[in-house]
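Below: the structure, in structure tokens.
In the working numbering, the protein residues as written are 5 to 295.
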């Protein structure tokens, strides 16, 4: 059987990436909705504290101090624990949060200001949980589609029918849990990004609130801060999808004992310099860095 021309492989590779990009956009749309909801929830907490006292110009220092120092109720404490138990599905994160909030006499000394800080923390942890669940589904689909698509293309391109091993959950989990960059897997990177966003958000909101800014101004700036977090989240998704697509392709090559492969880069305005330099070069599969 004659070998398929190179443009066949390029076309099939491009078609796969287009399908993966479409799935990625759906995931990003879900992330946008999640971030928008979290922004609304945090804004609601801020408004609930200041709504009866705020003026268009903000809050006077005396009123502000009284409001922020007021002790929260026992019911607030119970509600906080209920939200953590109900909405945080990550066992490790839930354990850490419950350890903190179950500390002796915590509920009896907490100020309204600290309650606001806690609500921001819990809301962002919920957001990270949602982000992890949404993106994990996308990455699993990417791995499966990348693996089977490449095997199918090779069968069709060579005109040969052959058996191959089905990709199993163990292999998928190994790929998902790989610390492939900055000594972190996709899950750790999500939590790290959320932690950075939380630290930044609490610092900036503290400054905004203590300066007596109006609710409208605080709300506007909160949206801007959250959009930074959303940008980092969408960048992470695109990076991880490309990574898992490449890993799945190489897994297919290894399964079929393919000795060499050609690197094909998408040459457009977003292609990095490193990838552009590798475009169309041939490499030995055995020389590839292990996962």
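Every residue, glycine too, gets a C-beta built ideally from N, C-alpha and C. Being a predicted model, the structure only gives us computed values, none of them experimental.
**Item:** Residues near residue 73 in its chain [Cβ-Cβ closer than 8 Å; skip 5 each side]
**Value:** 115, 116 and 117
**Item:** Given residue 219 as reference, the closest of 20, 11, 54 and 32 once Cα atoms are compared
**Value:** 54
**Request:** Specify, as a first and last residue, the run of the alpha helix (DSSP H) that residue 248 falls within.
**Result:** 219-259
**Prompt:** Can you name the start and end residues of the alpha helix (DSSP H) that residue 75 belongs to?
**Reply:** Where residue 75 is concerned, there is no enclosing alpha helix (DSSP H), given that its DSSP letter is neither H nor E.
**Item:** C-alpha distance - residue 250 paired with residue 19, whole-angstrom precision
**Value:** 14 Å
**Item:** Beta bridge counterpart(s) of residue 286 as assigned by DSSP
**Value:** 266
**Cβ neighbour criterion (16 or more within 10 Å) applied to residue 163** = exposed
**Prompt:** Pairing CB atoms from the stretch 236-250 with CB atoms from the stretch 188-196, are three or more of them under 8 Å?
**Reply:** yes
**Item:** Option nearest residue 290 by Cα separation, candidates 233, 284 and 260
**Value:** 260
**Asked** In whole angstroms, what is the alpha-carbon distance linking residue 77 and residue 85?
**Response** 13 Å
**Prompt:** Would residue 124 pass as a contact of residue 46 if the rule is Cβ separation under 8 Å?
**Reply:** yes
**Asked** Where does residue 17 sit, in a helix, a strand or coil, going by DSSP?
**Response** helix
**Prompt:** Residues bridged to residue 185 by DSSP?
**Reply:** 188
**Request:** Would you mind reading off the limits of the alpha helix (DSSP H) that contains residue 118?
**Result:** 116-162
**Prompt:** CA-CA distance, residue 26 and residue 14?
**Reply:** 18 Å
**Prompt:** Leaving out the 5 sequence neighbours to the left and right, which residues in its chain are closer than 8 Å to residue 133 when beta-carbon positions are compared?
**Reply:** 91, 92, 93, 94 and 97
**Prompt:** Thinking C-beta only, is residue 39 closer than 8 Å to residue 233?
**Reply:** yes
**Prompt:** Distance, Cα to Cα, residue 32 vs residue 138?
**Reply:** 9 Å
**Asked** From 157, 265, 280 and 279, pick the residue whose C-alpha is nearest to that of residue 287; which is it?
**Response** 265
**Request:** Assign residue 64 to one of three DSSP states: helix, strand, or coil.
**Result:** coil
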